[in-house]
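Q: Here it is: the structure, laid out below.
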Amino acid sequence: MAERPEVMYDVKIPMRDGVNLAANVYYPSEKGKRPVLLNVTPYVKDGGMKSPVRTVIREFVKAGYVVVHVDVRGRGNSDGEFTPNFQEIEDGYDTLGWCGTQPWSNGRVGTFGRSYGGCSQLYTMRLGSKYHKAAFIECAPSIHPFRDCTAYASGAYVVIMRAWQALITGKTNKDEIYDDEFDWQKWLNIRPLKDWAKRAGLSTDIQSHLYEHETYDAYLKAVWSDDMIEKMTVPCYFVTGWFDDSISGGMDHFPRLLKHHDPKVARSQKLLVGPWAHPLSAPYRPSSKMGDFDYGPDSVVQLHK
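Position one of the sequence shown corresponds to residue -4 (my numbering), numbered consecutively onward.
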């Protein structure tokens, strides 16, 4: 069995409004100031998906990094109310500042994460944290509210996000509704949308604030507008798949980062696209097969080694 890193559980990270986020901090046994890798998750850092994530964390700590694994606001052991996407702008900036100023930090913070953990890295970049030195962004949706699953797509509310809400409702896993025997077709067809959560048996509707904003108004422009790309200077490595339903994150932001910046910033942007679906390849589902087609062993990329 691989050597386990030392860890401090549920360390409090203060936000500007007094809310505390909960973080597990993993670090090498040899003390000293080290670069930090930050991952934030709405999927409960101590929940059912912790095994593959901790495997990755162990590799990072072995390489000499301190890793900070954080429950986002309103999820897991973090305080506050969960308002997806919008909250990650200022919370991300405050968390980067905390990571960059701890006694075990050398002030250089990199971020990593997939799906929601991918786009959450992008939200905060507009604020320009001096501690944010690099971002590894996997299978991230576009953070534009009218391009894919953030809110609307082609002018219509993305109903399939009801399934995501079932996975992410409440503070912990025990509050979720995500059962195989559930009648998904009937569930997703509940109308009107404002009654959806109550009729489905969810305790809250974490996307109710979107129903009153059916156009690209000032409220939705606060979460993203295209002029914000000019404020993003962090070196980014985007990874996505040709069969990823969230491919637009990399395909939106990578070319814009090249176009709207000087050569130094443009050269620091990278993009990797492979024959993968949303979970990507290794370490989550290390297989060269997609459906009935086998893309061969070279299609399995160890992303975190």
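Beta carbons: idealized from backbone N, C-alpha and C, even for Gly.
#1: Measuring straight from C-alpha to C-alpha, what distance separates Y21 and M3?
#2: For the candidate residues R53, V6 and F77, whose alpha-carbon lies nearest to that of S198?
#3: Within the continuous alpha helix (DSSP H) that includes M156, where are the two ends?
#4: Pull up the distance between the alpha-carbon of V153 and that of M246, whole angstroms please.
#5: Use the C-beta contact count for E25: other C-beta atoms within 10 angstroms, 16 or more gives buried, fewer gives exposed.
#6: When burial is assigned at 16 or more other CB atoms within 10 Å of the CB, is Q297 buried or exposed?
#7: Looking only at C-alpha atoms, which of A146, A161 and K254 sits nearest to G196?
#8: Identify, in the order they occur along the chain, each residue of the same chain with its Cβ nearer than 8 Å to the Cβ of P278, setting aside the five sequence neighbours on each side.
#9: Have a look at W179, D200, A261 and V234 and flag the residue whose alpha-carbon is nearest the alpha-carbon of I155.
#10: Using DSSP's beta-bridge definition, name the partner residues of M246.
#11: Between which two residues does the alpha helix (DSSP H) harbouring D86 extend?
#12: Could you check where the beta strand (DSSP E) with V260 kicks off and where it finishes?
#13: According to DSSP, is F77 part of a helix, a strand, or is it coil?
#14: Would you kindly work out how many angstroms separate the C-alpha atoms of T96 and M10, rounded to a whole number?
#15: From this set, F288, L267, I163 and K189, which residue's C-alpha is nearest V234's C-alpha?
#16: I need the straight-line Cα distance from S137 to D240, nearest angstrom please.
#17: Considering Cα atoms alone, identify which of W237, L252 and W219 is closest to P274.
#18: Bridge partners of L267, per DSSP?
#19: Can you confirm whether the segment 181 to 190 touches the segment 76 to 94 when touching is taken to mean that 3 or more C-beta pairs between the two stretches lie within less than 8 Å?
#20: Assuming D74 contacts V14 under a Cβ cut-off of 8 Å, what Cβ separation, rounded to an integer in Å, is found between them?
#21: Among the residues of its own chain, which have a CB less than 6 Å from the CB of M227, if the five just before and after it don't count?
#22: For P98, I'd like the list of residues in its chain whose CB is within less than 7 Å of its CB, leaving aside the five on either flank, ordered along the chain.
A: According to the structure shown:
#1: 7 Å
#2: F77
#3: M156 to I163
#4: 19 Å
#5: exposed
#6: exposed
#7: A161
#8: Annotation note: pLDDT 49 at P278 (below 50); position unreliable, no value reported.
#9: W179
#10: For M246, which the question treats as bridged, DSSP gives no partner whatsoever.
#11: E83 to G95
#12: First-last for V260: P258 to R262, but that is the alpha helix (DSSP H), not the beta strand (DSSP E).
#13: coil
#14: 14 Å
#15: L267
#16: 11 Å
#17: W237
#18: V234
#19: no
#20: 5 Å
#21: M120
#22: none
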